[in-house]
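What follows is a set of notes on a single structure, which appears directly below.
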Amino acid sequence: MILNKKFYRHKTLRVAKNLIGKYLVREIDGKKLRVKIVETEAYLGKSDKASHAFKNKRTDRTKYLYRCGGTVYIYLIYGIYYCLNIVTSSVYKPHSVFIRAAEPIEGIKEMKQFRKKNINDLKELTNGPSKLCQSLKLDKTFNGKKVYNPDSELVIMSSENVEKNYKINKSPRINIDYAREDKDKKWRFYLSNSEFCSN
DNA sequence: CTACAGATGGCCT
DNA sequence: GGCCATCTGTAGG
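Going by the working numbering, the first sequence opens with residue 11, and the numbers climb by one from there.
Have a look at this one:
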């Protein structure tokens with residue numbers, strides 16, 4: 011089942027936690043690529059010094075954060091890599107959940123092709139935000155698309171028949187030392203005991 | 001195994 | 001001009 015629009019219209023910390031264990035499904039050339047989300051981070055907009063939308067900053071890049079929950083926000087980082095976010099909350103709050111890592115489930119052959127490196131170790135496909143974008147062939151053209159829309163090439167699905175009692179840990183977010191007093195907030199969530207988390 | 005420098009360009013001041 | 005929600009190759013223990 012595709013998660014509906016309402017799923018994203020809640021407090022961002024809750025959505026970040028609830029996204030752990032869900033399936034991210036990418037359709038490309040009739041092939042289905044499926045991964046299980048194992049690591050996320052919450053970015054709380056106006057009041058969060060680590061957020062691109064701190065103080066409600068609105069630019070050509072960040073405008074997608076002001077769309078409805080379930081909208082895709084992808085940005086270029088370090089000139090070469092992409093990072094995936096899912097917008098949450100209401101259109102008045104530019105919040106999002108950053109997807110940091112996942113476990114490859116289906117379409118592994120295709121993911122290996124999209125990553126340029128020769129990968130032997132499965133977790134090297136998706137154990138980082140930009141590795142994930144490479145494996146799923148995601149880029150800025152996905153900006154503004156809706157992950158609750160069945161016609162999208164990128165959707166998020168609930169995981170029925172998968173163990174429901176996930177143990178989820180919290181920690182500070184990664185690589186946001188510039189965020190001063192917000193850098194120690196425990197807004198990163200990850201599936202405990204998963205080898206597929208980032209390092 | 002860990003440590004670190006370099007890649008590379010859009011974004012924002 | 002400086003920074004950046006990253007990754008990789010290489011150097012060294």
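Even glycine gets a Cβ: it sits at the ideal position worked out from N, Cα and C.
Sorting LEU201, SER208, ILE186 and SER204 by C-alpha distance to the C-alpha of LYS59 places ILE186 at the top.
The C-alpha of ILE30 is placed about 13 Å away from the C-alpha of GLU170. When beta bridges are read from the DSSP output, ASN95 appears opposite TYR83 and PHE108. Among the bridge pairs identified by DSSP, TYR76 is matched with none. The DSSP-derived three-state label of TYR33 is strand.
SER106 is the residue among SER106, TYR76 and GLU37 whose C-alpha sits nearest the C-alpha of ARG198. Going by DSSP, GLU120 is part of the alpha helix (DSSP H) stretching over 118 to 124. The beta carbons of ILE166 and LYS27 sit about 14 Å from each other, so the pair does not count as a contact at 8 Å. Per DSSP, ARG24 is not a residue of any beta strand (DSSP E); the alpha helix (DSSP H) it occupies stretches across 22 to 28. Of the candidates LYS156, SER181, LYS16 and CYS207, LYS156 places its Cα closest to the Cα of ARG36.
Straight through space, the alpha carbons of ASP149 and PHE206 are spaced by roughly 22 Å. Taking C-alpha positions only, ARG190 is separated from LEU23 by approximately 19 Å. For the options ILE96, ASN128, PRO160 and LYS67, the alpha carbon positioned closest to that of HIS20 is the one of ILE96. By the neighbour-count definition (other C-beta atoms within 10 Å, threshold 16), VAL101 is an exposed residue.
Comparing alpha-carbon positions, the option among ILE129, THR69 and VAL25 lying closest to GLN144 turns out to be ILE129. If the five residues before and after GLU163 are omitted, its C-beta is found closer than 8 Å to the C-beta atoms of ARG36, GLU37, ILE38, PHE152 and LYS155, all from its own chain and listed in chain order. DSSP places LYS195 in no alpha helix (DSSP H); its state is neither H nor E.
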